[in-house]
Amino acid sequence: MNQSRQAPLTPPVSQGFDQPIDRSLSASQKWEKYRGRDILPMWVADTDFMAPPAIIKALHERIDHGVFGYTLAPEALTEVVVERLQRLYGWRVDPEWLVWLPGLVCGLNLACRATGEAGSAVISPKPIYPPFMSAPRLSERRLVSVPMTLEGERWVLDLDALEAAIDPSCQLLLFCNPQNPGGSVYRREELTRLLEICARHDLTLCSDEIHCDLILEPGVKHIPIASLDPQLAGRTITLMAPSKTYNIAGLACSLAIIPDKALRQRFIRTKRGIVPDVNLLGYTAALAAYRDGDGWNQQQLAYLRQNRDYLVREINAIEGLKLHPFEATYLAWIDVSGLELEHPAEFFERAGVGLSPGIDFGDNRFMRMNFGCPKATLEEAMRRIRTAVAAL
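One gets my numbering by counting positions in the sequence shown from 1 and adding 2 to each.
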């Protein structure tokens, strides 16, 4: 039987997202940052939820096998990914297009080094996830930042400003959909126009779509940009991973989807000898996530949707703070400019809440909050923020 067509495993009711899990002694990057301090860590993008039972079961079975040698990507995982992309998006992907990676960030860096040459330019939106800004510099490329803009309540890339910023040295566009940190999901017409701009100016487009399974807004659908046009897809690199959705980032398994053979070979050649292979437990977790995790994720999305709606209401009730409604991710991009703080991150840490500084994303007027946590933790964070702002 084709494993990719098995019914998803639904977690038992007893495994609720309200369940607190002590991560303080687990060498968690998220929790170690504030070790010994009364600060709730709500910064780096991993959740405080236990991974789906299907993943935990698969890992136990693989560990019980007892041999942990060098490992290839399982054929079943490739089949599941190809089937999933067809089922969810109508995107026909050849298995040869898949390049497995130990993380999405290295995919951004490889994309920079596999396109253009030293001194050429890479275009990226701003504000944006910090590796979008560091990858060009680390690759000896020049970064051209194009501003995000508010259209209604949605943070989107200013496509007119993008096209105006392109010059002959530009070789690559780094793109993020759903957008991090803004939480917007791009519509078909926006993606089509962006792809046409890339074709008109002969740009390779690298699209970070790691949050594609975290769509919170009913009726909004993720569309992989490479699925829109089989011809124009030849200039794309699509990056995906189960890590954010299923809270398995520590197992380090991501993938690039690169339809064009020449571009794919350059990408692989750049990776060779520098980027390690995915480890076998990462492959094991990814297979279980994509094969059996959809039911669990639907429950997670319902929980995150409630957290998001609560957070939007509470933040917007505090004078000096603003949070526009957003459509995806468990990351809230909070406008703190009304508080007129010189050092926003330090203010919130003194309040007992550890957020991601907006300056890291390119805009010091904002802070990013991770609300992928039990509701009680979010409520306590908001109590602390209300108290601190009232004392200003």
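Glycine included, C-beta positions come from ideal geometry on N, C-alpha and C.
- Distance from the CA atom of I217 to the CA atom of R25, rounded to whole angstroms, is 26 Å.
- In this structure, DSSP gives T331 a state outside helix and strand, which the three-state scheme calls coil.
- Between G109 and S256, the C-beta spacing is below 9 Å.
- Residue environment: D210 is assigned as buried (16 or more neighbouring CB atoms within 10 Å of its CB, all protein chains considered).
- Within the model, the alpha-carbon separation for I320 versus L27 is close to 34 Å.
- The alpha-carbon of V391 is positioned some 15 Å away from that of E381.
- The region 198–268 contains, as complete alpha helix (DSSP H) runs of 4+ residues, the segments 245–248 (chain order).
- DSSP places I125 within a strand segment (E or B) once states are collapsed to three.
- Distance from the Cα of P22 is smallest, within the candidate group L197, I41, M52, G185, for M52.
- Under the three-pair Cβ rule at 8 Å, the region 231–238 counts as touching the region 195–213.
- Non-local C-beta neighbours of E192 in its own chain, meaning closer than 7 Å and more than five positions away in sequence, comprise V158, ordered along the chain.
- Boundaries of the alpha helix (DSSP H) harbouring L306: 296–318, taken from the DSSP string.
- Of the residues L265, D311, E351, the one whose Cα lies closest to the Cα of L333 is D311.
- A distance below 6 Å between beta-carbons, with the five flanking residues on each side excluded, links V146 to the following residues of its chain, in chain order: A123, I125, A167.
- Below 8 Å, too few C-beta pairs join the region 293–306 and the region 273–280 to call them touching: fewer than three.
- If the five residues before and after D362 are omitted, its C-beta is found closer than 7 Å to the C-beta atoms of P132, all from its own chain and listed in chain order.
- Every alpha helix (DSSP H) stretch that sits fully inside the region 45–126 and reaches 4 residues is listed by chain position as 55–67, 77–91, 106–116.
- For the set T331, G364, F368, the Cα lying nearest the Cα of F349 is the one of F368.
- A residue is called buried once 16 or more other Cβ atoms fall within 10 Å of its Cβ, and D66, having fewer, is exposed.
- Pairing D337 with P359, the inter-Cα distance amounts to about 11 Å.
- Shown here, L323 sits in coil according to DSSP, grouped into three states, outside any helix or strand.
- Rounded to whole angstroms, the Cβ separation of L61 and T286 is 6 Å, and the two are in contact under 8 Å.
- Rounded to the nearest angstrom, the gap between the Cα atoms of S245 and V83 is 14 Å.
- Between E198 and the set L164, I130, V222, P104, the nearest pair of CA atoms involves L164.
- Within the same chain, F51, Q302, Y305, P376 come within 7 Å of F19 by CB-CB distance, once the 5 residues on both sides are set aside.
- The criterion of a C-beta distance shorter than 9 Å is not satisfied by P129 and D294.
- Where V146 is concerned, there is no enclosing alpha helix (DSSP H), although the beta strand (DSSP E) around it starts and stops at 144–153.
- Ranked by how close their Cα comes to the Cα of Q173, the residues V222, G184, S141 have S141 in first place.
- Separation of the CB atoms of A330 and H213 is rounded to 6 Å, and the pair is thereby assigned contact status at 8 Å.
- Between V355 and A383 a beta carbon distance of about 5 Å is seen, short of the 8 Å cut, so the two are scored as contacting.
- Counting along the chain, the unbroken beta strand (DSSP E) around Q173 starts and ends at 172–178.
- Under the three-state reduction of DSSP, L27 is assigned to coil, being neither helix nor strand.
- Linking D262 to W99 through their CA atoms gives a straight-line distance of about 8 Å.
- Residue state for S141 is assigned as coil, using DSSP reduced to three classes.
- Buried is the label assigned to Q181, since at least 16 other Cβ atoms lie within 10 Å of its Cβ.
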